[in-house]
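One structure is given below, encoded as structure tokens.
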Amino acid sequence: MTGAPLRTHAPEPPARYDVVIAGGAIMGSSTAYFLAVREPSLRVAVIEPDPTYEWCSTLRASGGVRVLFSCPENIEMSKFGRAFIQAFPETMAVDGRPAPVDWVQGGYLFIVPPHGLALLESNYRTQRAHGCDVELLSPAELHARFPSMHVDDLGAGVHSPGDGWCDPNGLLQGLRRKAAALGVHYVADRVVGFDCAGSVVRSATLASGRVLHADAFVDAAGPWAAQVAALAGVTLPIAPLRRFEHYFTAGNPVERLPYVKDLDRLAFRSEGVGFSGGLVNGDEPRGFNFEVDHDWFENVVWPAVAHRFPPFEAARCHRTWSGLYEQCELDGNPVIGNCAGTRDNFYVVAGFSGHGMMHAPAAGRAIAELIVDRRFDALDLSRLGYARVAHHDPYPEAGIV
Ligand SMILES: Cc1cc2nc3c(=O)[nH]c(=O)nc-3n(C[C@H](O)[C@H](O)[C@H](O)COP(=O)(O)OP(=O)(O)OC[C@H]3O[C@@H](n4cnc5c(N)ncnc54)[C@H](O)[C@@H]3O)c2cc1C
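The numbers in the working numbering rise by one with no breaks, and the one at position 233 of the sequence shown is 1428.
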């Protein structure tokens, strides 16, 4: 009788790699992809304990991509990420099968009260200097563009029509599939320790007991990044910050809206026939808490949305979920680089504080450059490196976060 061959267990991956990456969601997969492209001979392993990605931040993200930042590094990372995502279905195709990410160029709109005007204008000038397509709109211009918006208490807004949003799951799965097709090994395991000698990490120990030796180790563990770094004797100011995301409908007709954000950290965008968004509580106690407060929408989000857009007075929340920001407590900016002086071959790509999906392509590329060429190439991100953590030298993002 003929039939399908018996399924055999995948061969054990070798115990020696060039690069071992802890965390296989968007940051780990982007880093792995860019490593494989930059130096195809590299042996790269990505260690990911949960191939379903149930709790990872990436699958809970709202998919926003925008150039509206104050730090030039963030603006440039967004510009690269946006172009990368737009070309994603074709560039990430495997065996002719495209990689859909459902890009929607819906635009972003940051709005501020009069006391936020100077900040908005200053950021606007920086964005223009970096070649961004942004327009500064007075309250009257805002109202003309978005008639349902209440503008009496606003100072101005900045609209970036080239921005938008995409499907974070599509982005992650496409990167993972492409990285694997280029020879990256995904290992379903967890990093539980590192063996270090002086300022060098020599190997990673996995929960299964396996030991993987490598020349470079990357911490791409998102909200768990500080835990992973601690295993290597590195202290990171990165903590999990719970944030709710809601799917809601307006209850009344409302014009097509961009991704709207304000200084109180209300943020929402269109999603199908409704809207997806939330309001970040920066005072949220830090920790791995995924519990959902089902009153948060009613008590906090709804009043803010209905005030800004009166048609939302009849809004209804259909679903609420929680996710974790990997919040950098030092300054709200990521740590991208190796821990020189502490663990020279230990690289961190974490702490994106709510912006990691859009910045993953540029950050992964940057880590690949550092590992392969020992320096940044396409974009100088040294200001976001580990040195500012070691010297307690904050570099804050002054855009609306
Ligand atoms: C509600 C919400 C909305 C958001 N909206 C946006 C947005 O609109 N735009 C945007 O750009 N960003 C957004 N973000 C932020 C974005 O989701 C994150 O910055 C980004 O997903 C971080 O990716 P990551 O791969 O570093 O972390 P994660 O996706 O959390 O992945 C970390 C991985 O590390 C693994 N891991 C943990 N411990 C270990 C270990 N010991 N060994 C090996 N692996 C380990 C985990 O299993 C996990 O898969 C949002 C986040 C949330 C929560």
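Positions of the beta carbon are idealized from the N, C-alpha and C atoms, including for glycine. Note that the coordinates shown come from a computational prediction; the quantities given were computed from them, not determined experimentally.
8 Å contact criterion, which glycine 1473 and histidine 1441 should meet: CB distance rounded: Taking the first residue of the sequence shown as 1, we reach residue 1473 at position 278. Taking the first residue of the sequence shown as 1, we reach residue 1441 at position 246. Correct: roughly 6 Å between the Cβ atoms.
Nearest neighbour of phenylalanine 1504, chosen from His1550, Phe1341, Thr1400, Ala1424 [CA to CA]: On the sequence shown, residue 1504 is found 309 positions in, with the first residue counted as 1. The option with the nearest alpha carbon to phenylalanine 1504 is Phe1341.
8 Å Cβ cutoff met for serine 1517 and phenylalanine 1485: Here residue 1517 corresponds to residue number 322 of the sequence shown, with the count starting at 1. Here residue 1485 corresponds to residue number 290 of the sequence shown, with the count starting at 1. Cβ atoms of serine 1517 and phenylalanine 1485: closer than 8 Å.
The stretch 1360 to 1372 contacting the stretch 1395 to 1404, beta-carbon criterion three pairs below 8 Å: no
In DSSP terms, what glutamine 1522 is bridged to: Here residue 1522 refers to the residue found at position 327 of the sequence shown. In the DSSP output, where bridge partners are listed per residue, glutamine 1522 has Ala1434.
Length of the line joining the Cα atoms of proline 1480 and aspartate 1290: Reading the sequence shown from its first residue, position 285 is the one you call residue 1480. Reading the sequence shown from its first residue, position 95 is the one you call residue 1290. Spanning the two alpha carbons is a distance of roughly 46 Å.
Own chain residues within Cβ distance below 6 Å of arginine 1211, not counting five before or after: Along the sequence shown, read from residue 1 onward, the residue named residue 1211 stands at position 16. Excluding sequence neighbours, arginine 1211 sits near His1408.
Opening and closing residue of the alpha helix (DSSP H) in which glutamate 1450 lies: Numbered from 1 along the sequence shown, position 255 holds the residue referred to as residue 1450. Where glutamate 1450 is concerned, there is no enclosing alpha helix (DSSP H), because DSSP gives it neither an H nor an E.
Backbone CA spacing between cysteine 1523 and asparagine 1476 [nearest angstrom]: As a first step, residue 1523 is located in the sequence shown; it is residue number 328 there, counting from the start. As a first step, residue 1476 is located in the sequence shown; it is residue number 281 there, counting from the start. Near 15 Å, if we compare the C-alpha coordinates of asparagine 1476 and cysteine 1523.
Cα-Cα separation, glycine 1357 to alanine 1545: Here residue 1357 is taken as the residue at index 162 of the sequence shown, counted from 1. Here residue 1545 is taken as the residue at index 350 of the sequence shown, counted from 1. Distance between the alpha carbons of glycine 1357 and alanine 1545 is about 26 Å.
Run of the beta strand (DSSP E) containing phenylalanine 1275, from where it starts to where it stops: To locate residue 1275, count along the sequence shown from 1; it is residue 80. Counting along the chain, phenylalanine 1275 falls outside any beta strand (DSSP E), though it belongs to the alpha helix (DSSP H) covering 1267 to 1286.
4-residue-minimum alpha helix (DSSP H) runs that sit fully inside the stretch 1491 to 1521, ordered along the chain: 1497 to 1503
Nearest-angstrom Cβ-Cβ length linking isoleucine 1221 and glycine 1536, presumed shorter than 8 Å: For this step, residue 1221 is matched to residue 26 along the sequence shown. For this step, residue 1536 is matched to residue 341 along the sequence shown. 28 Å between Cβ atoms; not a contact.
Identity of the residue in Ala1425, His1380, Ala1383 nearest cysteine 1391 by Cα: Within the sequence shown, the letter at position 196 stands for residue 1391. If we check each option's Cα against that of cysteine 1391, Ala1425 comes out closest.
Cβ-heavy atom distance, valine 1423 to ligand 1, below 7 Å: The residue you call residue 1423 lines up with position 228 of the sequence shown. Checking every heavy atom of ligand 1 against the Cβ of valine 1423, one is found closer than 7 Å.
Span separating the alpha-carbon of glutamate 1330 from that of alanine 1509: Your numbering for residue 1330 matches position 135 in the sequence shown. Your numbering for residue 1509 matches position 314 in the sequence shown. Cα-Cα distance, rounded: 31 Å.
Tyrosine 1303: CB within 7 Å of a non-hydrogen atom of ligand 1: One-based indexing of the sequence shown puts residue 1303 at position 108. No - ligand 1 has no heavy atom lying nearer than 7 Å to the Cβ of tyrosine 1303.
Where the beta strand (DSSP E) through glycine 1477 begins and ends: Here residue 1477 is taken as the residue at index 282 of the sequence shown, counted from 1. Note, glycine 1477: premise wrong, no beta strand (DSSP E); not H, not E.
Alpha-carbon to alpha-carbon, leucine 1263 and alanine 1335: Position 140 of the sequence shown, counted from the first residue, corresponds to residue 1335. Position 68 of the sequence shown, counted from the first residue, corresponds to residue 1263. Spanning the two alpha carbons is a distance of roughly 21 Å.
Nearest-angstrom Cα separation, counted from serine 1317 out to glycine 1219: Numbered from its first residue, the sequence shown carries residue 1219 at position 24. Numbered from its first residue, the sequence shown carries residue 1317 at position 122. Cα to Cα, the separation comes out at about 37 Å.
Member of Asn1364, Arg1405, Phe1389 whose CA lies at the smallest distance from the CA of valine 1162: It is not possible to answer for residue 1162, since the shown part of the chain is limited to 1196 through 1596.
DSSP-derived helix/strand/coil call for glycine 1352: Sequence index remark: in the sequence shown, residue 1352 carries index 157 (1-based). Strand at glycine 1352.
Closest Cα partner of proline 1529 within the set Leu1519, Asp1539, Arg1538, Val1543: If you number the sequence shown from 1, residue 1529 lands on position 334. Closest by alpha carbon: Val1543.
Cβ pair count under 8 Å reaching 3, the stretch 1297 to 1305 against the stretch 1438 to 1454: The stretch 1297 to 1305, when compared against the stretch 1438 to 1454, does touch it at the 8 Å Cβ threshold.
Proximity test, serine 1257 beta-carbon vs ligand 1 heavy atom, cut-off 7 Å: Translated into positions along the sequence shown, residue 1257 becomes position 62. Yes - ligand 1 has a heavy atom lying nearer than 7 Å to the Cβ of serine 1257.
C-alpha distance - leucine 1565 paired with lysine 1456, whole-angstrom precision: Here residue 1565 is taken as the residue at index 370 of the sequence shown, counted from 1. Here residue 1456 is taken as the residue at index 261 of the sequence shown, counted from 1. Spanning the two alpha carbons is a distance of roughly 34 Å.
Same chain, Cβ closer than 8 Å to tyrosine 1319, five either side skipped, listed in chain order: Start at 1 with the first residue of the sequence shown, and residue 1319 comes out as number 124. Close CB contacts of tyrosine 1319 within its chain, under the 8 Å cut and outside five residues either way in sequence, are with Val1329, Leu1331, Val1353 (chain order).
Cβ-based neighbour list, serine 1225, same chain, cut-off 6 Å, excluding 5 preceding and 5 following: The sequence position of residue 1225 within the sequence shown is 30, counting from 1. Closer than 6 Å at Cβ, skipping near neighbours: Leu1370, Ala1555, Pro1556, Gly1559.
Euclidean distance between Cα positions of proline 1235 and alanine 1374: As a working note, residue 1235 is residue 40 in the sequence shown. As a working note, residue 1374 is residue 179 in the sequence shown. Computed Cα separation, rounded: 11 Å.
Beta-carbon proximity check, alanine 1585 vs glutamate 1521, cutoff 8 Å: On the sequence shown, position 390 is the one that residue 1585 refers to. On the sequence shown, position 326 is the one that residue 1521 refers to. The Cβ atoms of alanine 1585 and glutamate 1521 lie no closer than 8 Å to each other.
For threonine 1400, three-class secondary structure by DSSP: For the purposes of this step, residue 1400 is taken as residue 205 along the sequence shown, with counting starting at 1. It is a strand residue.
For histidine 1380, the nearest candidate out of Gly1388, Ala1217, Trp1497, His1310 (CA to CA): By one-based count along the sequence shown, residue 1380 stands at place 185. Looking at the Cα atoms, Ala1217 is the closest of the given residues.
Residue of Glu1592, Asn1364, His1338 minimising C-alpha distance to valine 1296: Locating residue 1296 in the sequence shown gives position 101, where the first residue counts as 1. Closest option to valine 1296, Cα to Cα, is Asn1364.
Buried or exposed by the 16-neighbour rule on C-beta atoms within 10 Å, applied to proline 1309: Here residue 1309 corresponds to residue number 114 of the sequence shown, with the count starting at 1. Answer is exposed; the Cβ neighbour count stays below 16.
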